[in-house]
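For the sequence shown, UniProt numbering assigns the number 1 to the initial residue and increments by one for each residue that follows. From the three backbone atoms N, C-alpha and C, an ideal C-beta is built for every residue, glycine too. To start, the structure itself, in structure tokens.
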Amino acid sequence: MNGTVSLNNKTTFKCICKPGYNGPQCELISDMCINIKCENKGVCISSHLSWRCHCLDSSLYSGKYCEKISTSLIIKQILSKSFASVAIVAIIAVFLFVIIMDILKYVFKIDPVDRERRLMKLKQKKKYLNKNRKKPRKKVALKVFYIS
């Protein structure tokens, strides 16, 4: 079929297969992707006597084994790491602020927001009093005329 036949004796034979074929009668096509490892989720595609890695997203990866990362992906990775770092620092800062405020209030008996709380209560009280106070009625002068 896909090779040459060599007779060992009158009852047995051995096929010498062409490159890319194997099997007892050279009927099987060799899979060239058996030992090939494509990176970054690339897929190895076997063709006659050769292979190639097909990169799933060619705008992000390239190269013979899909090993080269595009500059846009590198920039995105750097930005995502820096945003994550900023978010972690912000969360830690808020956490430390709350802890420090609690320590000041409950350990040292210093209430850092006592003045502001009093002002808010005073404003609410004034607002409540102004709302419930009866507004004076406007005085209206009436002049009565008798018609006879």
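For residue i, list the residues DSSP reports as bridge partners.
i: I69; result: Y61
i: V43; result: H54
i: N132; result: According to DSSP, which records beta bridges pairwise, N132 is partnered with nothing at all.
i: N22; result: L28
Please classify residue i as buried or exposed, where buried requires at least 16 other C-beta atoms within 10 Å of its C-beta.
i: Y146; result: exposed
i: R61; result: In the sequence as presented, Arg is not what sits at residue 61; that position holds Tyr. Label assigned to Y61: buried.
What is the C-beta distance between residue i and residue j, in whole angstroms, given that I count them as a contact (C-beta under 8 Å)?
i: K64; j: C53; result: 7 Å
i: L28; j: N22; result: 5 Å
i: M120; j: P112; result: That belief does not hold up - the Cβ atoms of M120 and P112 are roughly 14 Å apart, past 8 Å.
i: S30; j: G42; result: The pair is not a contact, with the Cβ atoms about 21 Å apart (cut-off 8 Å).
i: C66; j: C38; result: 5 Å
i: C26; j: K18; result: 7 Å
Output the boundary residues of the beta strand (DSSP E) element that contains residue i.
i: K14; result: F13 to C17
Per the contact definition of three or more C-beta pairs closer than 8 Å, is the segment 88–99 in contact with the segment 59–75? no
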